[in-house]
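Contents: one structure, followed by commentary.
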Amino acid sequence: MDSVTELEGGRALVVDGSWAGEPVRLINVYAPSDVGERLELFQRLRPQLVTSKTIMMGGDFNCILESGGRCGTRAGEGWMDHAVKLLIFRSKVENLEKGEKCNSFFFKKIQSAHTPLVQLRNREGILGDTKEDIRKAVTDFCGELYSEKRSDGDQAEKFLAGIPRKVSTPAREVLNAPLTLEELHIAGKSFKSGKTPGSDGLPIEFYTSLWNLVGPDLLELYEEMEQKGVMPHTLREGTIGLLYKHKGERCDLKNWRPISLLNVDCKILAKTMVNRLKGAMGEIVHPDHTCGVPGRRVADSLALIRDTIQYITDRNIRASLVCLDQEKAFDRVSHEFMERVLQGFGLGERFCN
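Sequential numbering from 2 applies to the sequence shown in this note's numbering.
If you want it as structure tokens, here you go:
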């Protein structure tokens, strides 16, 4: 045994040691019966999972099986799986369950979600607290963020000339086939209900409930758009909202995540094209890339990193693990370069256009 760490007044014990020469971490949990306090414990326990050691976890998740003593609404027999998922994946609380205690953890969440934006720092670093100052700071920030990024044409051609993979002929035919009413309907049904609509105010429920009426019109709109080569303005506009990342200064716009609310008619078309592209992803994306490719799991990459760390540790190899994160990466993509990439993979003129 190397070390013992006590968390939350003994609610969790983290023991680091070794077993058969291998480093291990034992985590014993005695969870509170209150749902809110239990979630708070799981949140505080998350950092203990970030380790290259083998993790063994057990204990009492305090799953009360009698309906009279249950604080939440979930069945007791499902709490073990639920608790593990919360521990690993949940980074924030989305719902306040009926009957649970409103403790400081939840009040902090609710208060942070409704804290007004009273001042912002502009690109010169000057704080502004008037509506005009805040509006101008946001406009300048988003204007620079969403402006078209020009790429070096010669360098792009040189880079794309070495693309080793292209989609197969059958996959290209699927990508460039005419749109069908059925696949548009499938795309529409894949969206979750209750989401905020775009500027036209029409939610996804409007389209799914009245699909027999609006579906054929949507298909006709997309076909006409392809023939004329022009997208209607409703498919090209969106409402941008800012969500605080809960880290860093609130007055710094870099700590806010811009969210674009697009109209559903645009999202249905985009989802349809994404569904088509999924069938070709495995042909053009390298096997080491696991995110976003059907049939591959990000967990495989995590396991590979973990095994690599163990390998270099056992052999005393000098090495570094580099993690790169681009600021606002999706918003900074050059559309011109992206079109060249799609063409380089041989996706077909119709799909690329």
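From the three backbone atoms N, C-alpha and C, an ideal C-beta is built for every residue, glycine too.
Within the same chain, show all residues whose beta-carbon is closer than 6 Å to that of K93, passing over the 5 residues directly before and after it, in chain order.
Note that K93 has pLDDT 45, beneath the 50 cutoff, so the model's placement of it is unreliable and the number below is only indicative. So the list is empty, once near-sequence residues are dropped.
Identify every residue that forms a DSSP beta bridge with G129.
G129 pairs with L121.
So, under 8 Å CB-CB, L359 and I135 are touching, yes? Tell me the CB distance rounded to an integer number of Å.
Residue 359 cannot be examined here, being either before or after the span of the chain that is shown, 2 to 354.
What residue does the beta strand (DSSP E) around R258 start on, and which one ends it?
Here the beta strand (DSSP E) through R258 covers 257 to 263.
Going by CA-CA distance only, name the one from G349, F338, E350 that's closest to Q156.
Taking only the C-alpha atoms, the option nearest Q156 is F338.
Do you know whose CA, among I260, H336, F331, C353, lies nearest D153's CA?
With distances taken between Cα atoms, D153 lies closest to H336.
Out of curiosity, what's the CA-to-CA distance linking L88 and Q44?
Low confidence applies to L88: its pLDDT is 46, below 50, so where it sits in the model is not reliable, and the reading given next is rough at best. Rounded to the nearest angstrom, the two C-alpha atoms are 6 Å apart.
Can you tell me whether F331 is buried or exposed? The criterion is at least 16 other CB atoms within 10 Å of its CB, across all chains shown.
Exposed, since its Cβ has fewer than 16 Cβ neighbours within 10 Å.
Give me the Cα-Cα distance between L40 and V30, rounded to the nearest whole angstrom.
Going by the C-alpha atoms only, they are around 12 Å apart.
Should H186 be labelled buried (16 or more other beta-carbon atoms within 10 Å of its own) or exposed?
Buried, because 16 or more other Cβ atoms sit within 10 Å of the Cβ of H186.
For V168 versus G347, is the C-beta spacing smaller than 7 Å?
In this structure, G347 lies closer than 7 Å to V168 by Cβ.
For D17, which beta-bridge partners are listed by DSSP?
D17 pairs with S4, R26.
Using the rule of at least 16 other Cβ atoms within 10 Å of the residue's Cβ for burial, across every protein chain shown, is L182 buried or exposed?
That one is exposed.
Are the CB atoms of I269 and G189 nearer to each other than 7 Å?
A contact, by the Cβ cut-off of 7 Å.
Would you mind reading off the limits of the beta strand (DSSP E) that contains Y245?
First-last of the beta strand (DSSP E) with Y245: 239 to 245.
Please state the DSSP three-state secondary structure of D35.
Three-state result, D35: coil.
Going by the CB atoms, is the gap between N264 and G199 shorter than 7 Å?
Contact: yes.
A172: which of G296, C324, E284, I318 sits nearest, CA to CA?
Nearest option by C-alpha distance: E284.
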